[in-house]
Amino acid sequence: MTTPSSLLDEIEGSVQGHRDGHGFVLRDDGIGDIYLPPNEMRAVLHKDRVKVRIVRQDRKGRPEGRVVEIVERPVHPIIGRLLHESGIWIVAPEDKRYGQDVLIPKLAIGTGKPGQVVVVELTEPPALFGQPVGRVKEVLGEIDDPGMEIEIAVRKYSVPHEFSDACIGLARTLPDKVRAQDKPNRIDLTDVPLVTIDGEDARDFDDAVYCEPAKVGRGKGWRLLVAIADVSHYVSTGSAIDVDAYERATSVYFPRRVIPMLPEKLSNGLCSLNPDVERLCMVCDMLVNAKGDVHAYQFYPAVMFSHARFTYTEVAAILANTRGPEASKRKERVDDLLNLQDVYKALLASRAVRGAVDFETTETQIVCDESGQIEKIVPRTRNEAHRLIEEAMLAANVCSADFIEHGKHPGLFRVHEGPTPEKKDILRNYLKALGLPFGLSDDPKPGEFQKIAQATKDRPDAQQIHTMLLRSMQQAIYTPMNSGHFGLAYEAYTHFTSPIRRYPDLLVHRVIKAILTRQKYQLPALPLPGEAHAKLAKRLQKNKAGVKMEASAPKTQMSYAEQQAWEAAGLHCSANERRADEASRDVEAWLKCKYMREHLGEEYSGVVTSVTTFGIFVTLDAMYVEGLVHITELGGEYFRLDEVRQELRGERTGIRYAIGTRVQIQVSRVDLDGRKIDFRLVNGLEDMTARSVREKGSVSKERPGLVRSEATTPLRENTAGQPKRRKDHVRERTSGPATAKKVPASKTLYKKKIGKVRSSKR
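In this note's numbering, the protein residues as written are 1260 to 2021.
In structure tokens:
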């Protein structure tokens, strides 16, 4: 075979493998990946940086490469089980992408015992004819120890989980309460009945709210106060606490444990808006008209006193029955909650006018016992109180973005762009194949997605359609270049409401303070971006190829160095947000696998949630656990992947397995290390989405019973980038009456009208 000279160019990238002995190189230029055959993977490890030369295309059309140089071998600890086999000590990596066991000399096992989970440091890299060699650096304990899955995840994903000595030392010097010297130049809101509304298990309270009826223009409306913990007062730029917070970029949430962005003295104490104590805050003070448009707003630092700590369940019960037992315990706050319900109803109406995308999806919660073992998996219920708070947070975030833009100051926006041309075409073809009377314009708006979602919500295949709509969207990122938020249909949007757990919110607070004092906030000398940052930058570069960009020109002139610094900060925060999500999902997958080991052989009903060339993924109705029915379990015939309809179809019988198809399965295998659950198909139930059609077809001339799929490109997408539902991600809602209460007047409202926000590209 003659290789074109253009294929002989050397290309640099990072190794991503092993998978069944194979691997691939994630190219630095973002133009596709390079396949590495098994023999090329012997001398390299997952995450190694290499130079490769493309030498041919394999039989599946993939560019196949040969490693010509190992550029860098990053120092990454390997986590695995310590084993003693035939007199030889080895560590079997927990992350199967490493693909090779690590040899451990007897004198290098430390205190490790067979079967324990250990952290290994490599002392000798792999070679063509030799395994890697290492030493035990840390013994984590037994695999069944409570919390072991979290200990593995934080090391596997390099999540910072220990604060530096300098950070801890500085935190100790902070006061335990608000002092007199902290109060100058702040509005006193201690007599305003601000309250916090959070989940039952919440320990840090970022936000408090209050609402009263008010005249807006010539009509009726509301004055809505959203008070956010003033973290920036205690965490100064470039301090030891700030450096650690930037490195983490976000708090990481696991079942029964949180790795906070800030030391506990701040996150659960001094910065948390706990009830019945004074706290420093930044306030977004808004006037909302009857249509739900923010007529005017202002920002100011204040001192507040939380008058009550409510839970979502409690508020929902009060709003549902203002004469019930919950309301009788909180008589003095019932009218305030009804005012919040009224402004929420108006904000919801404005949301509908904007055409913001709003999908109802099922989220799950893992319930563990005292020992950390999983007891059950239940759907996470959402009520009107959740949505009420979320709409208030959205309004404050929009005002923050508007304030930064009109202040002509650099800052980070939360940008969510429209679908890429490739995803747009897939969705368009899918809707056409289903015969739906909806199309997508060349420049789709959020309202088009919401129109489809609303029109199909009562169809039996609604879940299938909404899943495809959701997967067609890109992930949101932080960037100084504002191009709007597609999903929420905002022209400008940022994150202001959670500075205790998100570093971008802390930066937004600092920028707002700088604008208020007519100064300019200067980013500190931040640590160099890490691996997660580099990977995300390449992925974004690849996604944006061929996409029309309409980011608004910044209203302030930034120097090249300043723009680069803000872009690096945005990429770092975006990448570490994904890192936190990946670590959380890894722990949840481990717990679910361990839970399902107790249910091997049992049968359950479920629904197909994803279709690939190698089988179907099924989510169980009762347990909300996903597993794979491999294509070899679907029957003795050939299956083709219909990329347009997103279904596997049997060539002989015509039976179809599409997203939303209901099936009956048996739990057949659980791989705890690989985080995989395998199901066996028992029998297909009624197809709730695409008809299970059996057609007369031709019999294959190849060996009977052989199962295959003709398609070569797996379409199982990672939807994990969809953000966890927090207070600034909203869904449906209801309404109620209102009463009045006064708020002390503060400084003149910022007169920039926001008005109705038009939909825009993200």
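Glycine residues also receive a C-beta, built at the ideal position from the N, C-alpha and C atoms.
Source: prediction; values computed, not measured.
Here's the rule: buried if 16 or more other CB atoms are within 10 angstroms of the residue's CB, otherwise exposed. What is residue i?
i     : result
T1920 : buried
V1269 : The residue asked about is misnamed: residue 1269 is Glu in this sequence, not Val. By the 10 Å Cβ count, E1269 comes out exposed.
V1361 : buried
V1941 : exposed
V1311 : buried
D1717 : exposed
D1720 : buried
T1715 : buried
R1286 : buried
K1436 : exposed
K1590 : exposed
K1372 : exposed
Y1819 : exposed
F1388 : exposed
L1295 : buried
R1610 : buried
Does DSSP put residue i in a helix, in a strand, or in coil?
i     : result
V1494 : coil
H1566 : coil
H1831 : helix
G1393 : strand
I1368 : coil
G1865 : strand
L1765 : helix
Y1883 : coil
I1663 : helix
D1840 : helix
R1915 : strand
Y1512 : strand
S1273 : strand
I1724 : helix
I1518 : strand
K1772 : helix
Y1897 : coil
Y1231 : Outside the displayed range of the chain (1260 to 2021) lies residue 1231, so it cannot be described from this structure.
D1292 : strand
G1528 : helix
Going by CA-CA distance only, name the one from the options that's closest to residue i.
i     : options                    : result
F1708 : Q1722, L1693, R1718, L1728 : L1728
N1298 : H1281, I1890, V1377        : H1281
I1736 : K1306, I1924, L1830        : L1830
Q1781 : F1745, Q1823, I1759        : Q1823
K1474 : T1432, F1422, N1642, K1550 : K1550
D1901 : K1635, G1894, I1914        : I1914
L1381 : T1370, I1363, T1868        : I1363
R1687 : F1672, A1608, I1290, P1703 : P1703
G1694 : R1904, H1645, F1876, K1682 : R1904
L1525 : H1492, H1554, V1511, C1543 : H1492
V1517 : R1939, V1846, V1536        : V1846
A1499 : P1522, W1481, C1658        : P1522
N1741 : F1672, A1712, P1638, R1431 : F1672
G2093 : L1859, V1494, A1575, T1776 : Not covered by the structure: residue 2093. The range shown for the chain is 1260 to 2021.
M1652 : Y1752, R1613, P1434, L1532 : Y1752
P1443 : V1511, Y1559, H1725        : Y1559
L1532 : V1454, Q1925, E1857        : V1454
M1732 : H1675, T1738, V1767, V1553 : H1675
R1908 : V1553, I1875, V1866        : I1875
Grab the span of the beta strand (DSSP E) containing residue i for me, first residue to last.
i     : result
P1739 : Element bounds for P1739: n/a, residue is neither H nor E.
Q1424 : The displayed chain sequence assigns Asp, not Gln, to residue 1424. From DSSP, D1424 is part of no beta strand (DSSP E) but of the alpha helix (DSSP H) over 1424-1431.
Q1925 : 1920-1930
F1755 : Looking at the DSSP string, F1755 is not in any beta strand (DSSP E), and its letter there is neither H nor E.
C1470 : 1466-1475
T1872 : Looking at the DSSP string, T1872 is not in any beta strand (DSSP E), and its letter there is neither H nor E.
K2023 : Outside the shown range of the chain (1260 to 2021) lies residue 2023, about which nothing can therefore be said.
Which two residues bound the contiguous alpha helix (DSSP H) that contains residue i?
i     : result
G1480 : Counting along the chain, G1480 falls outside any alpha helix (DSSP H), though it belongs to the beta strand (DSSP E) covering 1478-1488.
N1688 : 1680-1692
Q1709 : 1705-1715
V1502 : 1499-1507
V1413 : 1407-1415
I1633 : It is not in any alpha helix (DSSP H) - I1633 instead sits in the beta strand (DSSP E) that spans 1633-1638.
Q1624 : No alpha helix (DSSP H) holds Q1624; the beta strand (DSSP E) holding it covers 1623-1627.
Within 8 Å: the Cβ of residue i and any heavy atom of the ligand NAD?
i     : result
M1541 : The ligand NAD is not part of the structure shown, which contains no ligands of any sort.
query: Which full runs of the beta strand (DSSP E) of 3+ residues lie inside the stretch 1312-1362, going along the chain?
result: 1322-1331, 1337-1344, 1347-1352
message: Report the start-end ranges of each alpha helix (DSSP H) in the stretch 1532-1618 that is 4 residues or longer and not cut off at the edges.
response: 1571-1579, 1584-1588, 1590-1613
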